[in-house]
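In what follows, a single structure is set out as structure tokens and then discussed.
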Amino acid sequence: MAGNRFRYGQWRGGPDPLAPPYDVRAAVDAVGAEVLAGGSLRESLRELLRRGPQGRGGLDDLAARARRLRREALRRGDLDGAVTRARALLDQALAAERDELRGRDGDDARFAETVLDNLPRSTARAVADLQGYDWASAEARQTYQRILDGLRGDVLEQRFAGLRDAARAAADPATQRQLAEMMRDLNELLARHARSEDTTDAFAEFMRRHGEFFPEQPRDVDELVDVLARRAAAGERLMRSLSDRQREELAGLMRQSLGDRLTGELSQLDTHLRSLRPDLNWQRGERVRGDEPLGYGEATGALDEIAELDDLLDALDQDQPGATLDDVDVEAVTRTLGREAADDVRRLRELERELRRQGWVTRDADGLTLSPKALRRLAGTALRRVFGALTAGPRGQHDLRSAGAAGEVSGASRPWEYGDEQPLDVVRTLTRAVGRAGPTVPVPLAVEDFEVVETERRASAAVALCVDLSYSMISQGRWGPMKQTALALSHLMATRFPQDALQIVGFGREAMPLTQQELAAVEPDMQQGTNLQHALRLAGRHLRRHPGAEPVVLVVTDGEPTAHLDPDDGAAYFHWPPLPETIAATIREVDRLTRYGATLNLFMLGDDPGLRRFVDAVARRSRGRMFTPDLDDLGEYVVSDYLRARRGRR
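Counting with our numbering, you get residues 241 to 890 for the letters of the sequence shown.
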């Protein structure tokens, strides 16, 4: 269109609208890699948000910047600057007054000098004693008035942003009455709000009469309380941050500068605000140090900034139960850390929302956790790793893309029919073609030449995978390979052998059945004890629930049995070295499984001699097998053994 002019430049209005979206699957895979390496599921999800996508812009970076700003605020200056400045002005006023009195004769001048010589050393008490003093020097009178007017202005400006100009002129009684009337109406409004009365109309009337004192333009009483309470809390923290002497001096000066009426209204206001916002930190003091003396407004501003940074650090920490990134105040991040930091928070929020929207994570009472969809992806990754080792190693290939669909080869073949999914019998197909067309090259093939291999449906298997959850598994670096192996096996059975039934049994001092999701999130058992007896008992219950399936028990452990269930009360009993009772109870479960016809194979991690003797004895007794794989080969061993054992001996 004629007359239109366009300008191009760097985008400055927030996140780049042309930036590509985050690869959420890559984030899920990053979490999965840490879980498969032995990391905690919830910690891995938290680390994703702490580091940020692509390792930048995470919560840790934001928290580090907030801590640096907090340290700088703590070194900003001397909080006692208001008293220090008052002392300097008082000394200046007294010096001017003495100079004036020395040039005068008479008893009145000498009496005035005596009054000045006998003033208290305390600045606040000296200012109070001079309240009714008849100053001889106009310069001294003006300097003294600057003490009162300056502190009054600082206090009221800090508490009410709209009083920036009015506070300077608050020396006359008419202005003080106006301020006192506003605070009286404010206290009445907050008192009604504290009693849970409807204050909609009262708030509107208050803002109509006194709205110029509140440039923030709060929309309701709650927003008004929030604004005022944070400032009041900053003033209280200033008092808490001073020494007893400094606190007494500043409080005395404030009483002198504000007068009894304003002081009373402010005190009542603080009482209302403290009761309405008890969540704010009213009691905490800070050790702010620096060479530059800070006035009242500057000191409370520094403490307010520190408090805001503390709140921001708590939100960024995400340690509270049920905490989400929505708890982070983006406006506070913008005020304290800048627009780029706020953009980082928005990106992290978007990442968390996308993970939830696309179904990769869910939230429970303890925070984020991987969804079944993500666990399937995680287990699939574990299975690919295992089969990568199988295809690369000397054990032969185990390509199972069509395994389980056609079943076991019977040795016979038959003519191909439309809809057949069985593999072709290449030799018999070519033989039929040569017999029909003669020995010519190339061999012409017709539809009637094709034959397929006949198969029989594979028998189902009931598999119990017993995995050691004792602390030694993680302390010796065996936790990750164990999780990867169990997840790989569960994914293989779910996708390739759905007719098989898997039960994962975790055991420490006691044993418990685990779902795939529980396995991914399970933490090491910090109690001592390896209760293989309980694990085998649960495995036996699982096998008996599937009487027509081939029974298979696989045990992964790194320690000999040191715990068993007491036959009287069923409680777990631990003792090291292993007691004969523990060994006997475990062997009884082994014998029950053997009589049931289960294949019992044990995978021993580590080189403990006692464990080796026990595992070897169990393998011999149950006619099972013992394996001592390296950690990197554990998944390959377990999956290969499952594939062999599921063919069965029945």
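Note that the Cβ used here is the ideal one computed from N, Cα and C, for glycine as well. Here the structure is a predicted model, which means the values were calculated and not measured.
Residue i in three-state terms, based on DSSP
i, result
"Gly746", "strand"
"Leu664", "strand"
"Asn427", "helix"
"Asp708", "strand"
"Glu751", "Looking at the sequence shown, residue 751 is not Glu but Ala. Three-state result, Ala751: strand."
"Ala838", "coil"
"Thr826", "helix"
"His731", "helix"
"Thr602", "strand"
"Val467", "helix"
"Val693", "strand"
"Phe843", "strand"
"Ala406", "Below a pLDDT of 50, predicted positions are generally treated as unreliable, and Ala406, at 45, falls in that range; the measurement from the model is reported next regardless. Looking at Ala406 - three-state DSSP - the assignment turns out to be helix."
"Arg435", "coil"
"Met713", "helix"
"Arg884", "helix"
"Asp873", "helix"
"Arg524", "coil"
"Glu763", "coil"
"Pro820", "helix"
"Pro218", "It is not possible to answer for residue 218, since the shown part of the chain is limited to 241 through 890."
"Ser284", "helix"
"Asp540", "In the sequence on display, residue 540 carries Thr and not Asp. Reduced to three states, the DSSP call for Thr540 is helix."
"Tyr384", "helix"
"Thr671", "helix"
"Phe854", "helix"
Identified DSSP bridge partners for residue i
i, result
"Ala702", "Ala741 and Pro791"
"Pro533", "Asp318"
"Tyr813", "His804"
"Pro458", "Answer is none; Pro458 lacks a bridge partner."
"Pro609", "The question names Pro, but residue 609 in the sequence shown is Thr. Bridge partners of Thr609: Thr602."
"Pro655", "Glu691"
"Met866", "Leu842"
Straight-line gap, residue i to residue j (C-alpha atoms, nearest Å)
i, j, result
"Asp531", "Asp554", "30 Å"
"Arg399", "Leu288", "41 Å"
"Val692", "Gly675", "17 Å"
"Arg818", "Arg835", "Contrary to the premise, residue 818 reads as Pro rather than Arg in this sequence. Each residue's Cα considered, the two are about 25 Å apart."
"Leu359", "Ser436", "50 Å"
"Asp566", "Arg589", "7 Å"
"Leu900", "Glu545", "This structure gives no information on residue 900, because the portion of the chain shown stretches from 241 to 890."
"Thr574", "Val568", "11 Å"
"Leu874", "Ala859", "18 Å"
"Arg517", "Tyr813", "52 Å"
"Met844", "Arg781", "23 Å"
"Leu299", "Ala380", "55 Å"
"Ala643", "Arg884", "At Ala643 the pLDDT is 35, less than 50, meaning the model places this residue with poor confidence and gives no usable figure here."
"Leu664", "Val879", "28 Å"
"Ala407", "Gln558", "Note on Ala407: pLDDT 43, under 50, position unreliable in the model; no value is reported."
"Glu476", "Arg495", "15 Å"
"Leu370", "Ile387", "12 Å"
"Ala572", "Arg470", "13 Å"
"Ile823", "Arg853", "12 Å"
"Ala434", "Val601", "41 Å"
Beta carbon of residue i nearer than 8 Å to that of residue j
i, j, result
"Ala368", "Ala474", "no"
"Arg529", "Arg290", "no"
"Leu482", "Leu490", "yes"
"Arg310", "Leu577", "no"
"Thr540", "Leu493", "no"
"Asn841", "Asp881", "yes"
"Leu904", "Ala619", "Because the chain is modelled from 241 through 890, residue 904 falls outside the range shown and cannot be assessed."
"Arg501", "Ala420", "yes"
"Ala581", "Leu302", "yes"
"Thr826", "Gln773", "yes"
"Gly850", "Glu800", "yes"
"Arg449", "Glu505", "no"
"Met733", "Val707", "no"
Within-8 Å CB hit, residue i to chain D
i, result
"Leu871", "Of the chains in the structure shown, none is chain D; there is only one protein chain."
Entirely enclosed beta strand (DSSP E) segments - the region 770–797, minimum 3 residues: Within the region 770–797, the complete beta strand (DSSP E) runs of at least 3 residues are 790–797.
In chain order, which continuous runs of the alpha helix (DSSP H) of length 4 or greater are located wholly inside the region 292–369? Qualifying alpha helix (DSSP H) stretches, in chain order: 299–314, 321–342, 347–357 and 363–369.
I'd like the ranges of any beta strand (DSSP E) spanning at least 3 consecutive residues and lying wholly in the region 479–514. Taking 3 residues as the minimum length, the region 479–514 contains no beta strand (DSSP E) run wholly inside it.
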